[in-house]
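A.B. asks: Structure below; questions to follow.
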Amino acid sequence: MALFLLRRLGAMVATLVAISLIAFAVIELPPGDFATAYVAAMQANGVVMTEEEIAGLRAAYGLDGGLLERYAAWIWAILSRGDFGQSFEWRQPVSDLIWGRVGMSMVVELTALVVMWCVALPIGVYSAVRRYTVGDYAATLFGFLGLAVPNFLLALGLMYLSFRLTGSALSGLNDDRFIDAPWDAARIADFLAHLWAPVLVLATAGMAHLIRVLRANLLDELNKPYVVAARARGLPEGRLIWKYPVRVALNPLVSSIGLLLPTLISSSVVVGVVMSLPTAGPLLLRALMSQDTYLAGAFILLMGTLAILGTVISDLLLALVDPRVRHR
Amino acid sequence: MSAAPLAPPVSSMADPLATASGWRLFWLRFRRHRVAFVSLWIVVALYGVAAFAEFLAPHPPDRTMGRYTYAPPQPFGLFWTDPTTGETAFRPHVDGYRVEIDPVALRRSFVPDATRPVDVCLFPRVEPYRLWGVVPLEHRLFGPCDPNDPFFLFGADRLGRDVLSRTIHGTRISLSVGLIGVALSLLLGIAIGGAAGYVGGALDAAVQRVSEVLRSLPTIPLWLGLAAALPREWDPLTIYFAITVLLSLIGWIELARVVRGRFLALRGEDFVLAARIEGMHPVRVVMRHMVPQVTSHVIATATLAIPAMILAETALSFLGLGLQPPLVSWGVLLQEAQNIRSVAAAPWLFLPGGAVVLAVLCLNFLGDGLRDAADPYDV
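Protein chains in written order, with my numbering: chain E, 1 to 328; chain H, 1 to 379.
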């Protein structure tokens with residue numbers, strides 16, 4: 001187990017480095033750097049900076065070094081001080097802007113993950129056990145639609161329906177009157193009343209996938225001799241299914257969380273933009289549009305890191321559940 | 001065969017299945033999948049639409065009719081009843097429009113009006129255009145007999161452009177992004193996966209690690225970041241190719257995984273070993289003996305990769321960082337439907353989304369069918 005853990009953590013560090021390189025590339029690719037942007041912003045306000053001041057600015061932010069030096073400075077600032085650089089557009093440290101957004105994203109994504117599992121599990125088991133019934137066909141149809149409908153279309157469709165039926169468009173996670181309000185009971189109730197829509201949209205696509213995988217896995221298990229043996233001994237059908245084959249069929253699913261999480265984070269970006277949620281997605285898009293590179297880079301770094309943490313956690317879970325994995 | 005009941009086992013040679021080639025067996029297995037088979041024809045039809053978009057669409061994609069902004073879809077009918085005389089006659093038409101003014105908001109809106117039919121013709125004469133920019137033509141498949149009449153089967157957008165024509169033209173870009181992207185991924189996937197599977201060892205381990213890293217990345221934020229870094233002064237066509245390359249940078253992983261897995265399994269087979277012992281060049285071993293064995297799997301996986309590419313392009317363009325107007329793709333069209341206010345006023349702007357769902361669904365069914373047919377253990 002210790003060896004497994006060590007190997008997994010080593011892979012994680014390598015992946016994190018890869019992500020930080022990609023995020024850094026996003027920061028570096030657009031022409032110009034923080035100093036040119038800053039000087040342009042100051043000029044727009046009528047402040048003319050001398051060459052020495054600009055050089056000082058570059059030195060202060062470590063912009064005059066080579067590519068590797070700049071990368072090292074950027075990473076070191078993040079690791080040592082949690083300093084992600086400055087946002088050009090907002091004139092604030094990036095770290096002041098992102099954490100609230102990323103936290104909100106995590107709330108939405110984790111809720112979606114839980115809902116996804118809680119709904120997909122019974123439906124998947126049902127459609128495997130009652131194969132070729134109306135319920136199974138309905139689940140299969142739903143699965144294919146969930147696969148084929150882009151989630152922004154689903155979000156828009158839901159918003160359109162709600163707009164037609166109730167006159168409100170289901171956007172945001174709180175009513176306008178709660179902006180800057182403390183998180184008291186009223187705000188939390190309002191939050192929950194808004195949360196269902198994005199969670200429903202996010203859960204649908206992943207749910208379709210989970211149901212398909214679970215159904216296929218369980219169908220493989222249902223004909224195995226141990227199931228027949230248990231049935232021959234008179235175990236009640238419900239207990240039999242849930243106690244043995246379902247547990248075996250769940251294993252590949254636990255590992256699929258690792259692949260589900262990147263997809264979930266991806267789609268929450270799109271859904272966040274469509275439903276104008278106060279999550280990371282809309283701010284990332286805006287940062288990319290206005291070339292606010294440090295902000296965008298920080299978001300990409302954090303999203304990647306979260307996805308990888310999730311993958312590692314799911315791997316560890318799998319190792320706990322399945323001895324075959326940890327003794328490989 | 002029944003005429004010779006006592007014939008020796010040689011008679012089994014007459015069984016067409018016994019002598020059928022691998023591809024014929026593949027095709028026969030595939031035919032049994034009815035949904036996949038129907039999907040195949042729909043996919044072929046969609047690519048046909050993509051190929052002949054200029055001829056099939058009733059209008060050029062960028063033709064604006066400023067009088068008809070946000071005109072709703074017109075119902076189509078083959079027979080028309082004259083409201084004054086009450087006579088019904090064969091007359092293909094769509095209903096014309098009547099303008100209504102909202103008494104409260106004073107907003108003009110169009111309502112289809114059955115008393116003002118717009119005649120519809122097959123092969124109407126239109127302004128000369130060129131198919132694929134080469135073949136000069138003066139007719140389209142169908143459209144209004146008088147080119148100045150309004151003809152919006154899917155409604156019109158905010159500039160009075162025909163949503164149906166734009167959707168048909170969007171088919172070309174959206175479907176070709178999938179095809180070109182998959183072709184690129186295929187090159188990368190076969191080269192990388194094949195090398196990893198054939199050589200094995202350290203190379204294999206390295207490829208495995210890299211693809212694990214890429215698989216655990218959230219793709220949309222990444223693509224967004226890289227697409228935003230593309231120089232803005234590039235022309236739309238260059239952007240189109242750049243986006244396709246970006247998509248295939250992630251797309252090769254699944255293909256490489258399949259090729260690698262099959263190559264690892266094949267490497268130990270006797271016929272491969274025999275070829276190697278005979279001193280055959282590794283490239284020839286791979287191309288002559290191993291590639292034909294994986295072709296059907298690769299085709300199936302590639303087909304399943306196309307819809308993923310289409311969805312990715314649609315999402316990127318929808319967010320405004322993918323393809324840019326004047327290029328017309330389904331994602332670019334759906335950008336018009338981005339805010340709820342325009343969708344509430346003109347729900348037909350959703351219709352290009354229907355095309356996305358149809359294409360993705362059919363390609364998925366087709367890929368599933370091909371994958372099942374490629375599986376030699378499921379006879």
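From the three backbone atoms N, C-alpha and C, an ideal C-beta is built for every residue, glycine too.
Remember, it's a predicted structure, so these values are computed and weren't measured experimentally.
Quick one, are the C-beta atoms of E:Leu260 and E:Gly206 less than 8 Å apart?
C.D. replies: For the 8 Å CB-CB criterion, E:Leu260 and E:Gly206 form a contact.
A.B. asks: By alpha-carbon positions, which one of H:Ala227, H:Ala315, H:Thr303 ends up nearest to E:Met289?
C.D. replies: H:Ala227
A.B. asks: Taking 8 Å as the threshold (beta carbon to beta carbon), is H:Thr219 in contact with chain E?
C.D. replies: Chain E, which has a Cβ nearer than 8 Å to the Cβ of H:Thr219, makes this yes.
A.B. asks: Which residues of chain E have a Cβ atom closer than 7 Å to the Cβ of H:Phe52, listed in chain order?
C.D. replies: Simply none; closest approach about 25 Å.
A.B. asks: One question on the structure: do H:Met309 and H:Gly178 come within less than 8 Å of each other, judged by their Cβ atoms?
C.D. replies: yes
A.B. asks: According to the neighbour-count rule (16 or more other Cβ atoms, all chains shown, within 10 Å of its Cβ), is H:Pro136 buried or exposed?
C.D. replies: exposed
A.B. asks: What first and last residue would you give for the alpha helix (DSSP H) that runs through H:His297?
C.D. replies: 291-319
A.B. asks: Which of the three DSSP states is assigned to H:Gly96 in this structure?
C.D. replies: strand
A.B. asks: Candidates E:Val213, E:Gly297, E:Ala35: which alpha carbon is nearest E:Ala139's?
C.D. replies: E:Val213
A.B. asks: For E:Asp112, collect the residues of the same chain with a Cβ closer than 8 Å to its Cβ; drop the 5 residues on either side in sequence, then sort them by chain order.
C.D. replies: In the sequence as displayed, the identity of residue 112 of chain E is Ala instead of Asp. Excluding positions up to five away in sequence, the list reads Pro198, Val199, Leu202, Ala203, Gly206, Leu264, Ser268.
A.B. asks: For H:Trp80, which residues does DSSP report across the bridge?
C.D. replies: Note: H:Trp80 is bridge-paired with H:Ala89 in the DSSP secondary-structure output.
A.B. asks: Give the C-beta separation of H:Leu361 and H:Phe154 to the nearest angstrom, bearing in mind that I take them to be a contact with Cβ-Cβ under 8 Å.
C.D. replies: No, H:Leu361 and H:Phe154 are not in contact; Cβ-Cβ is about 19 Å, not under 8 Å.
A.B. asks: Taking Cβ to Cβ, would you say H:Arg67 is nearer than 8 Å to H:Gly160?
C.D. replies: yes
A.B. asks: So what's E:Cys118 in DSSP terms, helix, strand or just coil?
C.D. replies: helix
A.B. asks: Spell out whether any CB of chain E is found under 8 Å from the CB atom of H:Ile340.
C.D. replies: yes
A.B. asks: Which of the residues in the region 201-221 of chain E, read from start to end, lie with their CB under 7 Å from any CB of chain H?
C.D. replies: none
A.B. asks: Give a yes or no on whether 8 Å exceeds the smallest Cβ distance from E:Gly304 to chain H.
C.D. replies: Yes - at least one Cβ of chain H is within 8 Å of the one on E:Gly304.
A.B. asks: In or out: H:Phe76 buried (at least 16 other Cβ within 10 Å) or exposed?
C.D. replies: exposed
A.B. asks: Quick check: H:Val94 and H:Phe55, are their CB atoms within less than 8 Å of each other?
C.D. replies: no
A.B. asks: What's the C-alpha gap between H:Val233 and E:Leu306?
C.D. replies: Checking the sequence, you will find Glu at residue 233 of chain H rather than Val. Rounded to whole angstroms, H:Glu233 to E:Leu306 spans 34 Å at the Cα level.
A.B. asks: Just verifying my parser: in three-state terms, what is the DSSP assignment at H:Phe263?
C.D. replies: helix
A.B. asks: By DSSP, does H:Cys145 sit in helix, in strand, or in coil?
C.D. replies: coil
A.B. asks: Between H:Val379 and H:Arg29, what straight-line distance do the alpha-carbon atoms span, to the nearest angstrom?
C.D. replies: For H:Val379, the pLDDT reaches just 41, beneath the cut-off of 50, and the residue's location in the model is therefore unreliable, although a value from the coordinates is still provided. Whole-angstrom Cα-Cα distance: 7 Å.
A.B. asks: Specify whether the region 222-240 of chain E and the region 180-194 of chain H touch according to this definition: at least 3 beta carbon pairs, one from each stretch, less than 8 Å apart.
C.D. replies: no
A.B. asks: Could you tell me the alpha carbon to alpha carbon distance between E:Gln86 and H:Arg31, rounded to whole angstroms?
C.D. replies: 60 Å
A.B. asks: Quick one: residues in its chain with C-beta nearer than 6 Å to the C-beta of E:Val273, no 5 flanking neighbours on either side, listed in chain order?
C.D. replies: Closer than 6 Å at the Cβ level, and outside the excluded window around E:Val273, lie Gly281, Pro282, Leu285.
A.B. asks: What is the residue span of the beta strand (DSSP E) that H:Ser115 lies within?
C.D. replies: The sequence given here places Thr at residue 115 of chain H; Ser does not occur at that position. Segment 108-122, the beta strand (DSSP E) holding H:Thr115.
A.B. asks: Is E:His194 helix, strand or coil by DSSP?
C.D. replies: Three-state result, E:His194: helix.
A.B. asks: State yes or no: is the beta carbon of H:Asn364 nearer than 8 Å to at least one beta carbon in chain E?
C.D. replies: Interface residue, yes.
A.B. asks: Would you mind telling me which residues of chain E sit closer than 7 Å to H:Ala344, beta carbon to beta carbon, in chain order?
C.D. replies: For H:Ala344, the neighbours in chain E by C-beta distance under 7 Å run, in chain order, Tyr160, Phe163.
A.B. asks: Which residues in the same chain as E:Ser276 place their Cβ atom closer than 8 Å to its Cβ, once the five residues preceding and following it in sequence are excluded?
C.D. replies: Correct list, in chain order: Ser171, Gly172, Pro282.
A.B. asks: So H:Val343 packs on H:Leu349, CB below 8 Å; how close in whole Å?
C.D. replies: 6 Å
A.B. asks: Got a sec? Which residues, its chain only, sit under 7 Å from H:Glu254 by beta carbon, not counting five neighbours each side?
C.D. replies: Thr301, Ala305
A.B. asks: Using a Cβ cut-off of 8 Å (strictly closer), state whether E:Phe24 contacts chain H.
C.D. replies: no
A.B. asks: CA-CA distance, E:Leu29 and E:Ala298?
C.D. replies: Those two C-alpha atoms are separated by around 15 Å.
A.B. asks: Would H:Gly200 count as contacting chain E if we go by Cβ distances under 8 Å?
C.D. replies: no
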